[in-house]
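Engineer: Once you've had a glance at the structure underneath, I'll fire off some questions.
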Amino acid sequence: MSRILALRRAIGQSKAPTVLAFIGSTNIIVVLAAIGLGKKIIISERNDPGRQSLGTFWDVMRQLFYRRAHLVTANSHVAISAMAKYDPEKKLRYVRNPISRPAPVTWPRADRQIILSVGRLTEQKGFDVLLRAFANMAQKTPGCRLSIVGQGPLSSRLHQQAKDLEIGDRIDWHKNVSDMAPHYSGATLFTLASRYEGTSNALLEAMSFGLPVVVSNACTHQGDPVSHSENGLCVPINDPVALGSALLKLISDPELQQRFGTAAVKSIEPNDADHVLDQWSEIVELSAPPESVIGAPAA
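In our numbering, the protein residues as written are 3 to 301.
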């Protein structure tokens with residue numbers, strides 16, 4: 003409650019007519035704090051609310067209070083569809099994640115075979131599936147290494163799993179990375195074994211560096227940048243055999259890597275930061291009808 007009251011004071015003292023909030027429980031707290039202040043509230047969902055539970059209390063609060071915002075944005079169509087069950091569709095907006103384009107991609111890439119994966123070490127990201135997939139293909143690619151960038155609550159368990167699978171000496175673990183560019187530039191391909199996703203920034207960043215990708219079907223919603231056999235390979239969720247086979251196929255085929263990588267760069271052009279910022283400007287500048295202002299009855 004003290005957090006809500008402190009935030010309410012800050013919002014009330016601000017001269018800004020619009021407040022932007024991002025991510026789950028923070029969105030709800032901002033909506034609660036702004037009740038009756040006459041501010042235009044725009045909240046942004048960054049995951050898949052149909053799959054990501056915030057806990058029973060927050061899940062109920064999300065359904066009750068997201069509709070109190072003037073607009074609700076999401077970075078994936080699957081999130082929009084999930085929220086349409088309890089939010090008026092006229093308030094929902096799809097906005098892509100912005101990506102700043104790096105220097106032009108050059109080929110061939112690094113001489114070494116490096117499979118890169120980036121993300122929080124959580125159940126959602128499926129690193130346990132990735133480790134089993136890598137173990138399945140490791141003997142057929144003795145020079146290949148797996149590079150994992152991220153930290154999280156499953157770190158110890160995943161390190162032990164890698165040891166049990168006898169691939170610990172083939173994995174490079176990185177955390178607290180401030181500059182991801184060397185990791186993207188030095189990798190051969192990028193993979194994401196997520197069990198569910200909104201839209202992964204790490205995936206978009208990898209594609210912007212021209213990395214071919216292998217991802218689970220959680221990353222292939224409508225509007226997502228990965229198209230199977232066009233700019234990457236897609237495999238079923240929770241399927242280490244299929245993931246290992248796809249990784250082996252792509253890591254063993256430099257021509258396919260280049261074709262997918264070139265297509266990847268082109269496919270994320272709609273995520274160009276300038277274009278996405280224009281979208282945000284349009285959303286922020288939308289005039290709020292009185293019935294949509296926080297404190298008035300929801301439509």
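The C-beta atom is built at its ideal place from N, Cα and C for all residues, glycine as well.
Just checking, does the stretch 193-203 make contact with the stretch 173-183 on the three C-beta pairs under 8 Å criterion?
Structural biologist: Contact fails: fewer than three Cβ-Cβ distances are below 8 Å.
Engineer: Look up I44 in the DSSP assignment and give the residues it is bridged to.
Structural biologist: Against the sequence shown, residue 44 aligns to sequence position 42. DSSP links I44 through a beta bridge to L22, L73.
Engineer: Can you round the beta-carbon distance between T201 and N77 to whole angstroms, since I take them to be within the 8 Å contact cut?
Structural biologist: Counted from its first residue, the sequence shown places residue 201 at position 199. Counted from its first residue, the sequence shown places residue 77 at position 75. Right, their Cβ atoms sit about 4 Å apart.
Engineer: Please identify the residue among V278, M85, Y186, K142 whose C-alpha is closest to the C-alpha of L73.
Structural biologist: On the sequence shown, position 71 is the one that residue 73 refers to. The option with the nearest alpha carbon to L73 is M85.
Engineer: For S247, name the three-state secondary structure that DSSP assigns.
Structural biologist: By one-based count along the sequence shown, residue 247 stands at place 245. DSSP places S247 in helix when its eight states are reduced to three.
Engineer: Residue range of the alpha helix (DSSP H) that I6 falls in?
Structural biologist: Sequence index remark: in the sequence shown, residue 6 carries index 4 (1-based). Note, I6: alpha helix (DSSP H), 4-15.
Engineer: Would you call the CB atoms of R70 and Y88 closer than 8 Å?
Structural biologist: In the sequence shown, residue 70 corresponds to position 68, counting from 1. In the sequence shown, residue 88 corresponds to position 86, counting from 1. Taking 8 Å as the Cβ cut-off, R70 and Y88 do not qualify as a contacting pair.
Engineer: Determine the DSSP secondary structure at I117, reduced to helix, strand or coil.
Structural biologist: Here residue 117 corresponds to residue number 115 of the sequence shown, with the count starting at 1. In the structure shown, I117 sits in a strand (DSSP, three-state: E or B).
Engineer: Using alpha carbons as the reference points, say which of S187, L34, A12, Y198 lies closest to P104.
Structural biologist: Here residue 104 corresponds to residue number 102 of the sequence shown, with the count starting at 1. Checking every option, the nearest Cα to that of P104 belongs to S187.
Engineer: What's the gap between the Cα of M139 and the Cα of D174?
Structural biologist: Numbered from its first residue, the sequence shown carries residue 139 at position 137. Numbered from its first residue, the sequence shown carries residue 174 at position 172. Going from the Cα of M139 to the Cα of D174 covers about 17 Å.
Engineer: Measure the C-alpha to C-alpha separation of V33 and L56 and round it to an integer number of angstroms.
Structural biologist: Reading the sequence shown from its first residue, position 31 is the one you call residue 33. Reading the sequence shown from its first residue, position 54 is the one you call residue 56. One C-alpha to the other measures close to 16 Å.
Engineer: Which stretch, first to last residue, makes up the beta strand (DSSP E) that contains I150?
Structural biologist: Counting from 1 along the sequence shown, the entry for residue 150 is found at position 148. Looking at the DSSP string, the run of the beta strand (DSSP E) that includes I150 is 146-151.
Engineer: Near H161, which residues of its chain fall below 8 Å by C-beta distance, leaving aside the five closest residues on each side in sequence?
Structural biologist: Residue 161 sits at position 159 when you count from the first residue of the sequence shown. Taken in chain order, the residues that qualify are G170, W175.
Engineer: How far does the alpha helix (DSSP H) with R64 in it reach, from first residue to last?
Structural biologist: In the sequence shown, the residue the question calls residue 64 occupies position 62. First-last of the alpha helix (DSSP H) with R64: 58-67.
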